[in-house]
Structure formats: C-alpha cells, structure tokens
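Visitor: Handing you this structure, nothing more for now.
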Amino acid sequence: MADQLPQMLRSDARDNRDRLLEAARELFSERGLDVPMREIARRAEVGPATLYRRFPTKQALIDAAFTDELRQCAGIVRDGCADPDPWRGLCAVIRDITELNAHNQGFVDAFVTSNPGAIDFTAHRAGMLHSLAGLCRRAKEAGALRPDIVLDDLILVLMAGRGLAAAPPDVRPAAARRLSALALEAFRAEPARGTLPPPARVAPAVLANP
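Using this note's numbering, you'd call the opening residue of the sequence shown number 22 and step up by one each time.
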C-alpha cells in the first residue's frame, strides 16, 4: 500500500492537470483570454491552490493550453510554404488558419497579442510570420499576389477571424470558408473566374443578440 501511494498521487496530479487544460481550452475558446483563473478552476472542479500549483501564472496556462494549436498552425504554414505554387500555398494557409481559428477565439488572441511573457508564442509567431513574408514575396514575384499587399494585411485577416468564434458552432466552418475566400479575392492580382463558397447565414444570430 505504501508503494502505491506515490503512484496514486501522481495519477491524481495528472488528472488535475488534464482537467485544468481542458477547462482552459474550453473557456479560452468561448470567451478569449480574459477569463479569470478562478473561473477556470471552477470549470475544472479543482481549488485555486491546485491551479496555481500546476500553473503558477496565467501565461504558463495559456502556453500549455495552446501547444496543439501552435503545432497545427506551424504545420499549416510549413506545408503552404513548401508548395511549389506560392499562390496555391498562400491560399491554403489563409483558408486553413482561418478555419482553425474560427473554433478558438483564445488562440487568435494569444497569437496576435504582443506579450513579453509569452516567450514560446513570441518565437513561434516570429518564425511563422517570417515564413509567410517569404511566401508572399514569392507569390508577388509569380504575379499572383497584388504588389501592394503587405504582411500586416494577413494579420488583419487573422484578427477579423476572431469574430467567427461568436457565430453559432454549426455556422463557423461555412463562415470561415467565406471569409477566407473574400480575403483572397482582395489579395488576388487578377480577378477570379470562379465563384465564392456559399454564404454563411450569420445575420440571424447577430440580429437575435442585439
């Protein structure tokens, strides 16, 4: 029994950490990063002391909660930059990141917000933006991207995507596809001959919540 006690304590600690991360992801996704730490503890059904023992600062919790999203986001940028067709690669990056972020307002907040304490986010953000700048340059050289587009314009699309988290969950995928398509039409050097994705019916939700 004495040998089993440390193992049981380690198991309890892992369970508490998993519950805290799950609660943080849910609340950050729903409401952004301004959620109080005590509310995260309540959602996880643990005490504040347990929360601060596992995550001494809110930034530590943010970094841990969004590890998977950072990995996905970096993979999207890496795959887009590896595409031999830079315009196709840029389209994939904007489309896939917009759809990824539509489900998680907190991740977008963490990615676009300048926070000196977020060392990991700062490094990831700088690396991805550097890669995107190179992809934009190649797309311009290929004559596919408007010459007056700058990296800040891509950040504007990311920031605009924060609003998608307020749409009903079943509407978000269509809204993300429509938003990214509209942005790409604005970025395109030549008018497109294709059609936009079907419109997302977000007006009823907006009108129902004055």
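The C-beta atom is built at its ideal place from N, Cα and C for all residues, glycine as well.
1. Which whole runs of the beta strand (DSSP E) in the stretch 74-131 are 3 residues long or more, in chain order?
2. Give the range of the alpha helix (DSSP H) segment to which Ala65 is assigned.
3. Just the C-alpha distance for Ala139 and Phe87, rounded to the nearest angstrom, thanks.
4. So what's Arg236 in DSSP terms, helix, strand or just coil?
5. Mark Val171 as exposed unless 16 or more other C-beta atoms lie within 10 angstroms of its C-beta, in which case mark it buried.
6. Between which residues of its own chain and Cys112 is the CB-CB distance below 7 Å, once the five residues before and five after are set aside?
7. Just tell me which of Ala202, Gly53 and Thr216 has its CA closest to the CA of Asn125.
8. Alpha carbon to alpha carbon, what distance is there between Ala144 and Pro137?
9. Tell me which residue opens and which closes the alpha helix (DSSP H) that Pro194 is part of.
10. With a cut-off of 8 Å on the beta carbons, I'd call Gly164 and Ala210 a contact; round off their distance for me.
11. Taking the alpha-carbon positions, what's the Ile83 to Gly182 distance?
12. Rounded to whole angstroms, what's the CA-CA distance from Glu43 to Met180? Just pull it up for me.
13. Taking one C-beta from the stretch 94-110 and one from the stretch 53-65 each time, how about it: are there three or more such pairs within less than 8 Å?
14. Quick check on DSSP: helix, strand or coil for Leu54?
15. Reducing DSSP to helix, strand and coil, say where Pro69 ends up.
Guide: Taking the definition as stated:
1. none
2. Met58 to Ala65
3. Caution applies to Ala139, whose pLDDT of 47 falls short of 50 and renders its modelled position unreliable; the model cannot decide the point.
4. No information on residue 236 is available, as it lies outside the stretch 22 to 231 that the chain covers here.
5. exposed
6. Leu205
7. Gly53
8. Here Pro137 scores only 46 on pLDDT, less than 50, and its place in the model should not be relied on; the value that follows carries that caveat. Their backbone Cα atoms lie some 11 Å apart in a straight line.
9. Arg193 to Phe208
10. 6 Å
11. 19 Å
12. 24 Å
13. no
14. coil
15. helix
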